[in-house]
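In what follows, a single structure is set out as structure tokens and then discussed.
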Amino acid sequence: MDKKERSRWEIILDVLKVVQEEEKIKKTRVMQKACLDWRNFKRHFDFMLKEGYITKWNPEIGYYELTENGKNLLERLKDVDETLH
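Oh and the sequence shown: position 73 is 298 in our numbering, straight run, nothing missing.
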């Protein structure tokens, strides 16, 4: 069975969904639930942090959560996903 490779926006959508569902979550758990290897996860997660879609909620513990921009992006990507699938 061929495994379809996810596009960049599909990976971002999956990561945003995981962070939203769990509310406050650590990086490793996001990576596991989004089914990503460390290299791909780091590239996409760092992009989302830099662009302000995800923020570190508690620096001492390392919890992350969606920003308002992240919530808006998530809704837009869900619309795209529904349209294309």
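Idealized CB from N, CA, C, for every residue including glycine.
- Rounded to whole angstroms, the gap between the alpha carbons of K251 and D271 is 14 Å.
- Cβ neighbours of M273 within its own chain (closer than 6 Å, five residues either side excluded): I279.
- The segment 233 to 251 and the segment 282 to 297 touch, with three or more beta-carbon pairs separated by less than 8 Å.
- DSSP, read as helix, strand or coil, puts K229 in coil.
- In this structure, G295 sits near L241, with a CB-CB distance shorter than 7 Å.
- In this structure, the alpha-carbon of K267 lies about 15 Å from that of S232.
- Under the DSSP assignment, L291 falls in the beta strand (DSSP E) whose first and last residues are 288 to 291.
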